[in-house]
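Engineer: According to numbering that gives the first Met the number 0, the sequence shown is numbered sequentially starting from 0.
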Amino acid sequence: MKRIISIMLAAALIISAMAGCRTEDGEEGGTARIGISMPTQSLQRWNQDGANMKAQFEAAGYVVDLQFAGDNDIPTQISQLENMIATGVDVLVIAAIDAFSLGFVLEEAVAKGIPVIAYDRLIMDTAAVSYYATFDNWLVGALQGTFLRDALDLDNAEGPFNIELFTGDPADNNIHFFFGGAMEVLMPYIESGKLVVPSGQIEQAQVATPMWSTERAQERMENLISAQGYGPTGTPLHAVLSSNDSVAQGITNALLAVGYDADNFPLLTGQDCDIASMKNILAGHQSMSVFKDTRTLAAQVVLMVDALLKGEPVPVNDTEIYDNGVKVVPSFQCVPVFGDINNYVELLIDSGYYTMDQLQ
Ligand code: GAL
0 MKRIISIMLA AALIISAMAG CRTEDGEEGG TARIGISMPT QSLQRWNQDG ANMKAQFEAA
60 GYVVDLQFAG DNDIPTQISQ LENMIATGVD VLVIAAIDAF SLGFVLEEAV AKGIPVIAYD
120 RLIMDTAAVS YYATFDNWLV GALQGTFLRD ALDLDNAEGP FNIELFTGDP ADNNIHFFFG
180 GAMEVLMPYI ESGKLVVPSG QIEQAQVATP MWSTERAQER MENLISAQGY GPTGTPLHAV
240 LSSNDSVAQG ITNALLAVGY DADNFPLLTG QDCDIASMKN ILAGHQSMSV FKDTRTLAAQ
300 VVLMVDALLK GEPVPVNDTE IYDNGVKVVP SFQCVPVFGD INNYVELLID SGYYTMDQLQ
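1) For ALA238, which residues does DSSP report across the bridge?
2) Taking 7 Å as the cut-off, is the CB of LEU310 close to at least one heavy atom of ligand 1?
3) With DSSP as the reference, please indicate the residues paired to ILE96 in a beta bridge.
4) For PHE160, which residues in the same chain have their Cβ closer than 6 Å to its Cβ, ignoring the five residues on either side in sequence?
5) Going straight from the alpha carbon of ALA207 to that of LEU164, what length do you get?
6) Sort ALA98, VAL115, VAL257 by Cα distance to ILE84 and report the nearest one.
7) In whole angstroms, give me the CA-to-CA distance for ARG21 and VAL344.
8) Ignore the nearest five residues each way along the sequence and tell me which others in ALA98's own chain have a CB closer than 7 Å to its CB.
9) By the DSSP assignment, the beta strand (DSSP E) with GLN332 in it spans what residues?
10) Less than 7 Å between the CB of SER362 and some heavy atom of ligand 1, yes or no?
11) DSSP state of THR213, grouped into three classes?
12) At what residue ranges does the region 60–85 contain a whole run of the alpha helix (DSSP H), taking only runs of 4 or more?
13) Helix or strand or just coil, what does DSSP make of THR39?
14) Does GLU23 pass the burial test, meaning 16 or more other C-beta atoms within 10 Å, or should it be called exposed?
15) Along the chain, where does the beta strand (DSSP E) containing ILE116 start, and where does it finish?
16) When the Cα of PHE331 is compared with those of THR354, VAL304, ALA204, which residue comes out closest?
17) In the DSSP assignment, find the beta strand (DSSP E) that holds GLY230 and state where it starts and stops.
18) Out of GLN66, ILE162, GLY269, state which residue places its alpha-carbon closest to the alpha-carbon of LEU223.
19) So, using beta-carbon positions, are THR39 and ASN71 closer together than 8 Å?
20) What does a CB cutoff of less than 6 Å around SER286 pick up in its chain, not counting 5 residues either side in sequence?
21) If you count every other CB in all the chains shown that lies within 10 Å of the CB of SER191, and 16 or more means buried, which is it?
22) If contacts are defined as beta-carbon pairs under 8 Å, then LEU358 and ILE250 qualify, I think. What distance do you get, rounded to the angstrom?
23) Classify LYS291: buried if its beta carbon has 16 or more other beta carbons within 10 angstroms, exposed otherwise.
24) Got a sec? Which residues, its chain only, sit under 7 Å from VAL327 by beta carbon, not counting five neighbours each side?
25) When the distance is taken between beta carbons, is LEU42 closer than 8 Å to LYS53?
26) Would you grab the beta carbon distance between ALA94 and ASP48 for me? Rounded to a whole angstrom, and I think it's under 8 Å.
27) Assuming PHE360 contacts SER276 (C-beta within less than 8 Å), just tell me the rounded distance between them.
Laid out in structure tokens, this is it:
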């Protein structure tokens, strides 16, 4: 039954993709072209996002121009966008590397009447963004903070517990939500002294990780280890908050290098359920992650683009949260889900996201 419904849905979308698009001179006809700009291929999730969107748009009858901006290279992203605009795509779907550097190029999209959908990361300081498709980013942080609170049993245990904090790229608007959502849970315990941040680094700017880089996170963790003397026989480190998996992987590398193992590993959070992090979770070298099913987000973007091109109301479920400095961008937030060693089979394997072999 499900299959029949999805075939019917795909057929309906194909018909609308064929019918609802403009040709260069504004006449109806042809097939609508979707320009998809992803930030990097070096992080697993963006490959998956790109591949899922391409497949789902093509299944719905659209033509897709999918580009990855090297390894988070801002000038490459800008020139790829310029090129897509010049070749006359009908819609742009963009996961920005730097939320603040696309305003100028997007003016060209506006001039050509090309709508822009911000994908996962909000594009800031421009009126050119029509819609935003993302996950509930505050909830991502809240899931991480709540996990640490409960795993340390902060309401009952005597403590104090030592924690260090890591978030992501300062040019990614999402970190306000990830870090904010986690700190809303953790801050009362820091204020009461139950949680201690020995480095004293608790401001978002102090704990940011440029480009979400695994190497930069590893370096910072190594510095914290030498400055504070953390180690299995040194200063206790009970937990590390990390906003995502690529950052968590750097933290794990640094902790393993000073002798932590599965028996004494500090609690460590993540996000994305990257394969590398799932392997760490199975080995006891990371505690949890947050699953954001990129298939769901891709499907939502296809629905939004389809409605947009047909001139129908675009499905959104939030019109208040995501202010980009110029306007509040109507958004659709998908639901992120807690993932760990106890539920990964159901969440990731049974759902067909990964095969068990990929996690071995
Ligand atoms: C964020 C995204 C996360 C994470 C990170 C690094 O914007 O929401 O899922 O992957 O970027 O690319």
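Ideal Cβ placement from N, Cα and C applies to all residues, glycine included.
Structural biologist: Answer, in terms of the structure:
1) Here ALA238 is bridged, per DSSP, to ILE162, LEU266.
2) Going by the sequence as given, residue 310 is Gly instead of Leu. No heavy atom of ligand 1 is found nearer than 7 Å to the CB of GLY310.
3) DSSP, once it has assigned bridges, lists no residue as partnering ILE96.
4) Excluding positions up to five away in sequence, the list reads LEU151, LEU194, HIS237.
5) The straight-line gap from Cα to Cα measures roughly 9 Å.
6) Among ALA98, VAL115, VAL257, the Cα nearest to that of ILE84 belongs to VAL115.
7) With a pLDDT of 40 at ARG21, under the threshold of 50, the modelled position of that residue is not reliable, and the figure given next carries that caveat. Distance from the CA of ARG21 to the CA of VAL344, rounded to the nearest whole angstrom, comes to 45 Å.
8) The beta carbon of ALA98 sits closer than 7 Å to those of ARG120, LEU121, ILE122, MET123, ALA170, ASP171, ASN172, all from its chain and outside the five residues before and after it, given in chain order.
9) That run of the beta strand (DSSP E) goes 330–333.
10) Nothing in the structure corresponds to residue 362, since the chain is present only between 0 and 359.
11) Secondary structure at THR213: helix, using DSSP grouped into helix, strand and coil.
12) If we require 4 residues or more, the alpha helix (DSSP H) runs fully inside the region 60–85 come out as 73–85.
13) THR39 falls in the strand class under three-state DSSP.
14) Because the pLDDT at GLU23 is just 38, under 50, the model does not fix this residue reliably, and the point stays unresolved.
15) Taken as a continuous stretch (DSSP letters only), the beta strand (DSSP E) holding ILE116 covers 115–118.
16) Per the Cα distances, VAL304.
17) First-last for GLY230: undefined, no H or E at that position.
18) Nearest neighbour of LEU223 by Cα position, chosen from GLN66, ILE162, GLY269, turns out to be ILE162.
19) Yes, Cβ-Cβ distance for THR39 and ASN71 is below 8 Å.
20) Exclusion of the five residues before and after SER286 leaves LEU266, LEU267 as the residues of its chain whose Cβ lies within less than 6 Å of its Cβ.
21) With fewer than 16 other CB atoms across the displayed protein chains lying within 10 angstroms of its CB, SER191 is exposed.
22) 20 Å between Cβ atoms; not a contact.
23) Burial check for LYS291: the Cβ neighbour count within 10 Å reaches 16 or more, so the residue is buried.
24) Cβ neighbours of VAL327 beyond the five flanking positions: THR318, GLU319, TYR321.
25) No, these two residues do not count as a Cβ contact at 8 Å.
26) Contact flag correct, Cβ pair sits at about 7 Å.
27) Given that the chain is displayed from residue 0 to residue 359, the structure contains no residue 360 and the question cannot be resolved.
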